[in-house]
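The listed protein sequences derive, respectively, from chains A and B.
The first sequence begins at 3 in my numbering and counts up one residue at a time.
The second sequence begins at -5 in my numbering and counts up one residue at a time.
All C-beta atoms in this analysis are idealised placements derived from N, C-alpha and C, irrespective of residue type, glycine included.
These numbers were taken from a predicted model, which means no experiment stands behind them.
Report on the following structure.
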Amino acid sequence: AQSVAQPEDQVNVAEGNPLTVKCTYSVSGNPYLFWYVQYPNRGLQFLLKYITGDNLVKGSYGFEAEFNKSQTSFHLKKPSALVSDSALYFCAVRDNKLIFGTGTRLQVFP
Amino acid sequence: NAGVTQTPKFQVLKTGQSMTLQCAQDMNHNSMYWYRQDPGMGLRLIYYSASEGTTDKGEVPNGYNVSRLNKREFSLRLESAAPSQTSVYFCASSVENSQVGTPYEQYFGPGTRLTVT
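See the structure below:
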């Protein structure tokens, strides 16, 4: 069965520093991978997805993710964090339905 | 263009009561979904509808029923609420008309916070 794992419950980073939110996956066949963000008391918002092609995927709000087949990872990155990036981030894999990780809370400190 | 809307935003039920959560989308999407979000567990799929007139069970369907009333609306019903159904419920939609093939992103509503006492 397809699955994703987000090994960190929380990531803390200072504003202006680069950030990474980790995600590893387990799939049979080609992986279809997504990142979503959830701000407090809001629904999830789509950030980016990997279907095929370039391993570096660019998305909304300056975020990008790197697909690494050998390490079965799809880490979310941003070169310079903002306080407004503080939110809950979910990695997901599409099997015949979307399967979400447990989420990572990103806290960006001023 | 409101996207995905959900009503109500908050609800408190007593054990055994019933209620229907409403969801509507104005993006002409084919697929619609109901999820529940619980702390430390991410989102889990309750039911989905790949097209008008079809519904399928997701990961946690027990205790719920759904109706795809038309292309825009997808409701979730709790016939006899239990404390284990205390959760935040999200509706989502996607342009997909099949659960295989190239996937598209889902658009989420703002959620309904349900408490069952």
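Cβ pair F4 (chain B), L108 (chain B) closer than 9 angstroms | Yes, these two residues count as a Cβ contact at 9 angstroms.
To which residues of the same chain is S81 (chain B) closer than 7 angstroms at the C-beta, ignoring the five residues directly before and after it?
-> Cβ neighbours of S81 (chain B) beyond the five flanking positions: R30, Q31, D32, L108.
For R96 (chain A) and chain B, any beta-carbon pair shorter than 9 angstroms?
-> For R96 (chain A), the answer is yes, since a Cβ of chain B falls inside 9 angstroms of its Cβ.
Beta-bridge pairing of M35 (chain B) - partner residues as DSSP gives them | DSSP output for M35 (chain B) lists no bridge partner at all.
Within 9 angstroms, strictly: CB atoms of Q100 (chain B) and Y27 (chain B) = Going by C-beta atoms, Q100 (chain B) is nearer than 9 angstroms to Y27 (chain B).
For S25 (chain B) and E90 (chain B), believed in contact at Cβ under 8 angstroms, the rounded distance | Between S25 (chain B) and E90 (chain B) the Cβ distance is about 5 angstroms, and since that is below 8 angstroms, they are a contact.
N- and C-terminal bounds of the beta strand (DSSP E) containing L78 (chain A) | Residues 75 to 80.
Using the rule of at least 16 other Cβ atoms within 10 Å of the residue's Cβ for burial, across every protein chain shown, is L58 (chain A) buried or exposed?
-> That one is exposed.
Please look up how many angstroms separate the CB atoms of A76 (chain A) and F92 (chain A), rounded, as I've assumed it's under 8 angstroms.
-> At residue 76 (chain A) the sequence reads Phe, which differs from the Ala that was named. Actually they are not in contact, since the Cβ atoms of F76 (chain A) and F92 (chain A) sit about 12 angstroms apart, beyond 8 angstroms.
Look up F65 (chain A) in the DSSP assignment and give the residues it is bridged to.
-> In DSSP, F65 (chain A) forms no bridge with anything.
Enclosing beta strand (DSSP E) for T14 (chain B) [first to last residue] = Note, T14 (chain B): beta strand (DSSP E), 13 to 19.
Ignore the nearest five residues each way along the sequence and tell me which others in F111 (chain A)'s own chain have a CB closer than 7 angstroms to its CB.
-> Once the five neighbours on either side are set aside, the close Cβ partners of F111 (chain A) are N14, A16, E17.
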